[in-house]
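K.L.:
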Amino acid sequence: MVTSTTSPARPGGTVLVTGGAGFIGCAVSPALVEAFDRVVVVDNLHPQIHASGERPADLHPKAELFVADVADAATWDTVLADVTPDVVIHLAAETGTSQSLEESTRHTHVNVVGTSQLLDGLNRHGKLPRRIVLSSSRAVYGEGAWADVDGKLFYPGQRTSQTLDKAQWDFPGATPVAMKASETFPAPVSVYGATKLAQEHVLQAWAKSYGVETVILRLQNVYGPGQSLINPYTGIMSLFCRMAMGGKSIPLYEDGEVRRDFILIDDVASAIVAGAVSPTVQGEPMDIGSGEYQTIGTAAQLIAAHYNAPAPHVTGQYRQGDVRHAWADVTAAEEVLGWTPQYNLAQGIDRLASWIDVQPDVQPA
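Heads up: the sequence shown is residues 7 to 371, going by the numbering used here.
(1) For Ala339, which option in Tyr229, Ala311, Ala277 has the closest C-alpha, if you only look at C-alpha atoms?
(2) Among all the DSSP beta bridges, which residues are the ones paired with Glu219?
(3) Of all the beta strand (DSSP E) runs that stay within the bounds of the region 212 to 271, which reach a length of 3 or more residues?
(4) Following the continuous beta strand (DSSP E) through Ile294, name the residue where it begins and the one where it ends.
(5) Bridge partners for Arg44 per DSSP, in chain order?
(6) What is the DSSP secondary structure of Thr101, counted as helix, strand or coil?
(7) Quick check: the region 252 to 268 against the region 319 to 326, are at least 3 beta-carbon pairs closer than 8 Å?
(8) Quick one: is Thr111 buried, meaning 16 or more other Cβ sit within 10 Å of its Cβ, or exposed?
(9) Rounded to whole angstroms, how far is the Cβ of Thr114 from the Cβ of Val76, which I believe are closer than 8 Å?
(10) So, does the region 289 to 303 touch the region 173 to 187, judging by three or more C-beta pairs under 8 Å?
(11) Just list the residues that DSSP pairs Glu70 with in beta bridges.
(12) With a threshold of 7 Å, establish whether the CB of Leu245 neighbours any heavy atom of the ligand FMN.
(13) Are the CB atoms of Ala332 and Arg265 within a distance shorter than 8 Å?
(14) With a cut-off of 8 Å on the beta carbons, I'd call Thr220 and Gln210 a contact; round off their distance for me.
(15) My understanding is that Trp152 touches Phe191, with C-beta atoms under 8 Å, so please give their C-beta distance in whole angstroms.
(16) Along the chain, where does the beta strand (DSSP E) that runs through Val94 open and close?
(17) Alpha carbon to alpha carbon, what distance is there between Asp83 and Arg248?
(18) Please list the terminal residues of the continuous alpha helix (DSSP H) segment that includes Asn129.
As structure tokens, then:
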């Protein structure tokens, strides 16, 4: 649920949310119900996330749900026969970085074809929205930019199996820098990241041709209450919690010093709502993160302390497609949308762990 010191602006009209029954969609639904006259959700309730196939309890009861596939043209003929969206929030996507290497067709079909089918449907039915908000990902950057010893930026590209097998985690003599859409060139190193960048390009080309506003938000590592506890590709924070609650020592990949920008779902939800209702927008992507980085080891230590579990341990393992460091410069979102993150890592972990602790039938990982 969105927590904010101010109520969202109320543009009224209709908002259409793809993938709106998922983790982020459920979190934004209360604020969208307040801001819009009608909230319509399209989601296929995929069993990887929705085991029961039932409407999620966290989706606001006033949100209308169409259970359908965004990549199916017939979906949009059905939905748009009844719905005239003023704003579209496009959340629907396959998100697993490692899974995308094994199921590249599935990720490409949902993320890229799903986007083009949505846009074709809007055009086919003559229902162009005023604005489309896309939840993109920091995965579009790949390893991002690093600075050499003289402070000059360069792009090292994807780490190879050969270097990782030698435990050469960082790029020698280089320092990573924050990801900033206006300065950092996107160079994805995963199939997932490539499909998210394709989403951005397809949307921007289409929207500029038809005069539709775009808000593209490149999200860092999202976590928090409401996150799927059955999806093995959800993310490490809920997995770490389930390990620690079972009394296990959390294993840390590489050397435990991988940097990440963990952003609580509350802050992500407020950013997306701001993107939907803000009177001012920019067409270029903006970065959404906590405003600081933490190491994987720090996150694991905080979680272990919450559960009084053994200290985390470094394994030296690695995962193909993972980048070494990633965190966001959130200046653009602050200036354009008037949005700022409200939660630090300790507060976020406390909220996540406290929520997991009261969930029924949660099994230690």
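Virtual Cβ for every residue (Gly too), placed ideally from N, Cα, C. In this text, all values refer to a predicted model and were calculated from it rather than measured experimentally.
P.N.:
Result, derived from the coordinates:
(1) The shortest C-alpha separation from Ala339 is found at Ala277.
(2) Glu219 is bridged to Arg137.
(3) If we require 3 residues or more, the beta strand (DSSP E) runs fully inside the region 212 to 271 come out as 219 to 225, 227 to 229, 268 to 270.
(4) Start and end: 292 to 294.
(5) BP columns for Arg44 point to Thr20.
(6) Correct three-state label for Thr101: coil.
(7) Yes: the two stretches touch, three or more of their Cβ pairs being nearer than 8 Å.
(8) By the neighbour-count criterion, in which a residue is buried when 16 or more other Cβ atoms sit within 10 angstroms of its Cβ, Thr111 is exposed.
(9) The pair is not a contact, with the Cβ atoms about 13 Å apart (cut-off 8 Å).
(10) Counting Cβ pairs under 8 Å, three or more are found: they touch.
(11) Residue pairing by DSSP places Glu70 opposite Val46 in a beta bridge.
(12) The ligand FMN is absent from the structure shown, which contains no ligands of any kind.
(13) Yes, the Cβ-Cβ distance between Arg265 and Ala332 is below 8 Å.
(14) Contact between Thr220 and Gln210 holds, since their C-beta atoms are separated by about 6 Å, short of 8 Å.
(15) Between Phe191 and Trp152 the Cβ distance is about 12 Å, and since that is not below 8 Å, they are no contact.
(16) Counting along the chain, the beta strand (DSSP E) containing Val94 begins and ends at 93 to 96.
(17) Rounded to the nearest angstrom, the two C-alpha atoms are 42 Å apart.
(18) Per DSSP, the continuous alpha helix (DSSP H) segment holding Asn129 begins and ends at 120 to 130.
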